[in-house]
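Peer 1: Start counting the sequence shown at -15; every next residue gets the next number (my numbering). Note that CB positions come from ideal geometry on N, CA and C, so glycine has one too. None of these values were measured; they are calculated from a predicted model. I have a structure here, written as structure tokens, and I will follow up with some questions on it.
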Amino acid sequence: MQGLTDKTTLHLLPTPQNMAQDRAAMGTAPPPVNGDNFLSEKSQLLTTATDTNTPLASSRAESFHSAESSQETPASSAKTTEVETLVEQDPTFSFPTDGSLLKVPIPHPQTPPPGFLKLTPEQESKYAQVLAKVSTWQTLPASTAKKAAQVPISDNERMWMTRECLLRYLRATKWNVPNSIARLQSTLSWRREYGADTFTFDYISPENETGKQVILGYDIDARPCLYLSPGKQNTDMSDRQIHHLCFMLDRTVDMMPAGQENACLIINFKGAKAGTMPTVGQARAVLNILQGHNPERLGRALISELPWYVNTFFKLISPFIDPVTREKMKFNPKTRDFVPPDRLWKQQDGDLNFEYDHKVYWKGLEELTTARRKAMKTRWERAGKKIGEYEMYIRGGDHPSLQQEIEAAVGASGGSSQVDVVAEAVGDLSVK
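Following this line, the structure appears as structure tokens:
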């Protein structure tokens, strides 16, 4: 299989120590192979910090950049601030050197993910309130129906409630604590009802045989790109078509490097037929998935080659599109300004020679994302199974776990009673 080897822990922006720990935990030790020329093994992307307003990545009061605050800067514009990052080449991936076409996902971005923003004292307080509340949850409704049966929370659901996840829901509700808590519960119940965590590659495979949805490469802000090509529609409208989008959005999240929480959608309507357009009701269901249950996940949506009936369709569903989401939608943009041309698929005016071979690509995506989820679960468990864990740590980035921060604080204080009390309180958030 091109570019990938089996049973390998895959991380982005890892420290050598973390990589060794995770490989030991998973019982794997992948052999080194030659890589491509854009990420040499153990190379450093040394960057400058000319923006004095950007805090260091080690700050304890951090959250990832809100998609609302990200700048839509063309690739030709110089960034004023970057994060000093150690980028190691994934030893399981290499670009073809024999003139053949790439057929598997690209595991790494070319550029470092965004830095962090400090929370204000008020935001920290609101985050603490949400964390305190969700940490008491032992059961949740099995569905979104009124008076639905209560079912115990699973480890996967606890792991899903990271620090950054809670912050995304706070931002989406404009820092309204009760509303963010309600929406968090609603999403967890919806995922149970919808079966989002039960969809498998085998179940979704028929929907993607033509490559109508492809996760490939990263934009200039290190967001994984999900290509949507309605013109390659190969099935009749059904629930599985919507399940397909939900599934691919989750796999796009799997592909996010440490320090990134947004995705880039590249939607091209070339060849789309009027008869294949979804109904308004189906479009609202899709928007519910995107806006209601994946808040603050969309970084940008690049939409091109719209026929007249698609323009009409967008006008019909426009009232249901959140204003924040609408601001991130760019119609008929110059895609090369937002995705590095050598990592942009040729069918979208890029220079990347990629061919969708369903058997090869689908197997590659399954191996890559399954290994990443397994590695993230291993790290979360090793750190104490805490609600509110750092995504930067879980994804293999150079950031301590929540438990490591607690231990460091206790050590620095000489074990003072005040810090011990705080440490004990946070420790109670672990799954016993």
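1. Provide the residue(s) that pair with V198 in DSSP beta bridges, ordered along the chain.
2. Using alpha carbons as the reference points, say which of I165, K358 and D203 lies closest to P325.
3. What three-state label does DSSP hand R281 in the structure shown?
4. Could you check how far apart the C-beta atoms of A269 and I305 are, in whole angstroms? I think they sit under 8 Å.
5. With DSSP as the reference, identify every bridge partner of T123, one or two as the case may be.
6. Which ranges would you report for the alpha helix (DSSP H) in the stretch 219 to 286 if only whole runs of at least 4 residues count?
7. Per DSSP, W329 forms a beta bridge with which residues?
8. Mapping DSSP to helix, strand and coil, what is M145?
9. Once DSSP output is grouped into helix, strand and coil, what is the label at S288?
10. With a CB to CB cut of under 7 Å and the five nearest residues on each side skipped, what residues in its chain are close to W364?
11. Please classify F315: does DSSP put it in a helix, a strand, or coil?
12. Taking F77 as the reference, give the member of E311, D321, V294 and G348 with the closest Cα.
13. Cβ of C149 within 7 Å of Cβ of R207?
14. Got a sec? Which residues, its chain only, sit under 7 Å from P279 by beta carbon, not counting five neighbours each side?
15. Considering only DSSP beta bridges, list what L86 is partnered with.
16. Rounded to whole angstroms, what's the CA-CA distance from Q107 to A129? Just pull it up for me.
17. Could you check if T81 is buried or exposed, using at least 16 other CB atoms within 10 Å of its CB as the buried criterion?
18. Of the residues L86, N192, K254 and D220, which one's Cα is nearest the Cα of F231?
19. Using a Cβ-Cβ cutoff of less than 6 Å, which residues in the same chain neighbour S213 once the five nearest sequence positions on both sides are dropped?
20. List the endpoints of the continuous alpha helix (DSSP H) containing E389.
21. Quick check: the Cα distance between F48 and H92, rounded to an integer number of angstroms?
22. Around the Cβ of L(-3), are there at least 16 other Cβ atoms within 10 angstroms (buried) or fewer (exposed)?
23. Just how far apart, CA to CA, sit M261 and V294?
24. Considering only the beta carbon of each residue, do I250 and Y211 sit closer than 7 Å?
25. Pick out whichever of A180, Q134, D139 and L101 has its Cα sitting closest to the Cα of T362.
26. Using the C-alpha atoms, what's the distance from S84 back to N337?
27. In three-state terms, what does DSSP make of K131?
28. Quick one: residues in its chain with C-beta nearer than 6 Å to the C-beta of A133, no 5 flanking neighbours on either side, listed in chain order?
29. At what residue ranges does the stretch 142 to 192 contain a whole run of the alpha helix (DSSP H), taking only runs of 4 or more?
30. Just to confirm the assignment, what range does the alpha helix (DSSP H) spanning I378 have?
Peer 2: Reading off the structure:
1. Taking the first residue of the sequence shown as 1, we reach residue 198 at position 214. According to DSSP, which records beta bridges pairwise, V198 is partnered with Y211.
2. Numbered from 1 along the sequence shown, position 341 holds the residue referred to as residue 325. When only C-alpha atoms are compared, the closest one is D203.
3. Within the sequence shown, numbered from 1, the residue matching residue 281 stands at position 297. The answer is coil: DSSP assigns R281 none of H, G, I, E or B.
4. For the purposes of this step, residue 269 is identified with residue 285 of the sequence shown, where counting begins at 1. For the purposes of this step, residue 305 is identified with residue 321 of the sequence shown, where counting begins at 1. Their Cβ separation, rounded to whole angstroms, is 14 Å, which puts A269 and I305 out of contact at 8 Å.
5. Counting from one through the sequence shown, the residue named residue 123 turns up at place 139. For T123, which the question treats as bridged, DSSP gives the partners P136.
6. List check, alpha helix (DSSP H) in window: 223 to 238 and 264 to 271.
7. In the sequence shown, the residue the question calls residue 329 occupies position 345. L336.
8. Position 161 of the sequence shown holds residue 145. In this structure, M145 counts as coil in the three-state DSSP scheme.
9. Against the sequence shown, residue 288 aligns to sequence position 304. Three-state result, S288: strand.
10. Translated into positions along the sequence shown, residue 364 becomes position 380. For W364, where only same-chain residues beyond five positions count, the Cβ hits under 7 Å are M143, E373 and I378.
11. By one-based count along the sequence shown, residue 315 stands at place 331. In the structure shown, F315 sits in a strand (DSSP, three-state: E or B).
12. Here residue 77 refers to the residue found at position 93 of the sequence shown. The option with the nearest alpha carbon to F77 is G348.
13. Translated into the one-based positions of the sequence shown, residue 149 becomes position 165. Translated into the one-based positions of the sequence shown, residue 207 becomes position 223. No, the Cβ-Cβ distance between C149 and R207 is not below 7 Å.
14. Working through the sequence shown from its first residue, we reach residue 279 at position 295. The beta carbon of P279 sits closer than 7 Å to the beta carbons of R152, Y153 and A156 from its chain, once the five residues preceding and following it are set aside; these are given in chain order.
15. Position 102 of the sequence shown, counted from the first residue, corresponds to residue 86. Beta-bridge annotation (DSSP): L86 is paired with F338.
16. Locating residue 107 in the sequence shown gives position 123, where the first residue counts as 1. Locating residue 129 in the sequence shown gives position 145, where the first residue counts as 1. Cα to Cα, the separation comes out at about 32 Å.
17. On the sequence shown, residue 81 is found 97 positions in, with the first residue counted as 1. Exposed, by the Cβ-count rule.
18. Position 247 of the sequence shown, counted from the start, is the residue given in the question as residue 231. Minimum Cα distance to F231 is reached at N192.
19. As a position in the sequence shown, residue 213 is number 229, starting the count at 1. These residues qualify, in order along the chain: K196 and N252.
20. Position 405 of the sequence shown, counted from the start, is the residue given in the question as residue 389. Per DSSP, E389 belongs to the alpha helix (DSSP H) from L386 to S397.
21. Position 64 of the sequence shown holds residue 48. Position 108 of the sequence shown holds residue 92. For F48, the predicted structure reports a pLDDT of 31, less than 50, and the residue's modelled location is therefore unreliable. The matter cannot be settled from this model.
22. Locating residue -3 in the sequence shown gives position 13, where the first residue counts as 1. With a pLDDT of 36 at L(-3), under the threshold of 50, the modelled position of that residue is not reliable, and no figure is offered here.
23. By 1-based counting over the sequence shown, the position of residue 261 is 277. By 1-based counting over the sequence shown, the position of residue 294 is 310. For M261 and V294, the distance between alpha carbons rounds to 8 Å.
24. Position 266 of the sequence shown, counting from 1, holds the residue named residue 250. Position 227 of the sequence shown, counting from 1, holds the residue named residue 211. The answer is yes: Cβ separation under 7 Å.
25. As a position in the sequence shown, residue 362 is number 378, starting the count at 1. Of the candidates A180, Q134, D139 and L101, the one whose C-alpha sits nearest the C-alpha of T362 is D139.
26. Your numbering for residue 337 matches position 353 in the sequence shown. Your numbering for residue 84 matches position 100 in the sequence shown. Their backbone Cα atoms lie some 8 Å apart in a straight line.
27. Your numbering for residue 131 matches position 147 in the sequence shown. Coil at K131, not helix or strand.
28. As a position in the sequence shown, residue 133 is number 149, starting the count at 1. Contacts found: A126.
29. 147 to 156, 161 to 178 and 185 to 188
30. By 1-based counting over the sequence shown, the position of residue 378 is 394. Following the DSSP letters along the chain, one finds I378 inside the alpha helix (DSSP H) bounded by residues E375 to I378.
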